[in-house]
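Asker: Structure in structure tokens, see below.
Numbering (my numbering), first residue to last: 74 to 288.
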């Protein structure tokens with residue numbers, strides 16, 4: 074396993090130059106995908122970006138649909154293609170999709186790569202028509218995605234739902250810290266008058282809110 078690798082959800086503004094750098098090399102240069110085809114379906118897309126010591130080296134894009142997450146545009150620079158980097162990027166994408174509640178992934182691949190992707194858990198989508206693109210034919214494949222118990226739900230706190238994609242764990246950690254502070258600072262009001270107890274509780278609640286994460 075390579076050292077110095079960071080794989081995370083790309084920031085659409087901060088990481089845009091790094092994403093475009095990789096897309097130009099891998100998809101435009103090597104695969105001959107036109108600018109129009111490469112950038113035609115950007116709305117709502119989420120990118121996973123891999124960096125080696127700060128340099129962009131790989132990526133994958135997924136687009137959320139109603140019932141599935143479409144996994145596409147996965148690639149790594151040539152010098153990293155005999156490492157486990159692509160698998161790590163792919164796993165990160167599945168983890169993020171699962172946290173968003175998607176239990177099914179979708180992708181396309183060339184016929185000769187179908188056995189490889191079947192080994193990764195994919196199966197052919199029955200009755201799906203093939204796609205003809207850049208003088209190649211691609212076939213639709215799908216795989217189940219694990220949805221963890223702590224995936225994002227509509228009943229979650231708005232701060233958690235509004236957290237940047239892929240950063241829900243940071244919210245959860247800060248929430249636990251806030252709960253620990255609240256528990257530690259819970260005042261003993263047994264010997265206070267009702268009014269004194271009320272004012273003490275209000276003061277503690279105000280103090281605890283300083284620890285809440287806001288996105």
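For glycine and all other residues, C-beta sits at the position ideal for the given N, C-alpha and C. In this text, all values refer to a predicted model and were calculated from it rather than measured experimentally.
Give the C-beta separation of residue 121 and residue 162 to the nearest angstrom, bearing in mind that I take them to be a contact with Cβ-Cβ under 8 Å.
Answerer: 6 Å
Asker: Distance, Cα to Cα, residue 170 vs residue 266?
Answerer: 52 Å
Asker: Quick check on the DSSP output: what are the complete beta strand (DSSP E) runs of length 3 or more inside the stretch 185-236, in order along the chain?
Answerer: 204-206, 209-217
Asker: Three-state secondary structure (DSSP) at residue 284?
Answerer: Interpretation of residue 284 is limited by its pLDDT of 48, a score under 50 that renders its predicted location unreliable; the figure taken from the coordinates is listed afterwards. The answer is helix: DSSP assigns residue 284 an H, G or I state.
Asker: Mind checking which residues open and close the beta strand (DSSP E) that includes residue 135?
Answerer: That run of the beta strand (DSSP E) goes 128-137.
Asker: Relative to the C-alpha of residue 159, which residue among 75, 191, 244 is closest?
Answerer: 75
Asker: Suppose the cutoff is 6 Å on Cβ atoms and the five residues either side in sequence are ignored; what does the same chain contact list for residue 52 look like?
Answerer: The question about residue 52 has no answer here: the residues shown for the chain are numbered 74 through 288.
Asker: Below 8 Å on the Cβ atoms is my contact criterion, and I expect residue 178 with residue 215 to pass it. Report the Cβ-Cβ distance as a whole number of Å.
Answerer: Between residue 178 and residue 215 the beta-carbon gap is near 6 Å, inside 8 Å, which marks them as a contact.
Asker: Along the chain, where does the alpha helix (DSSP H) containing residue 290 start, and where does it finish?
Answerer: Since the first residue of the chain shown is 74 and the last is 288, residue 290 is not available in this structure.
Asker: Rounded to a whole number of angstroms, what is the C-alpha to C-alpha distance between residue 197 and residue 249?
Answerer: The alpha-carbon atoms of residue 197 and residue 249 are separated by roughly 42 Å.
Asker: How would you label residue 227, buried or exposed, when you count the other beta carbons within 10 angstroms and need 16 or more for buried?
Answerer: exposed
Asker: If you count every other CB in all the chains shown that lies within 10 Å of the CB of residue 154, and 16 or more means buried, which is it?
Answerer: exposed
Asker: Flag this pair as yes or no: are the beta carbons of residue 166 and residue 144 separated by less than 7 Å?
Answerer: yes
Asker: Can you tell me the Cα-Cα spacing of residue 112 and residue 96, whole angstroms?
Answerer: 10 Å
Asker: Roughly how many angstroms lie between the CA atoms of residue 115 and residue 85, to the nearest whole one?
Answerer: Distance between the alpha carbons of residue 115 and residue 85 is about 11 Å.
Asker: Taking the beta carbon of residue 125 as the centre, do at least 16 other beta carbons fall within 10 Å, making it buried, or is it exposed?
Answerer: Per the 10 Å Cβ criterion, buried.
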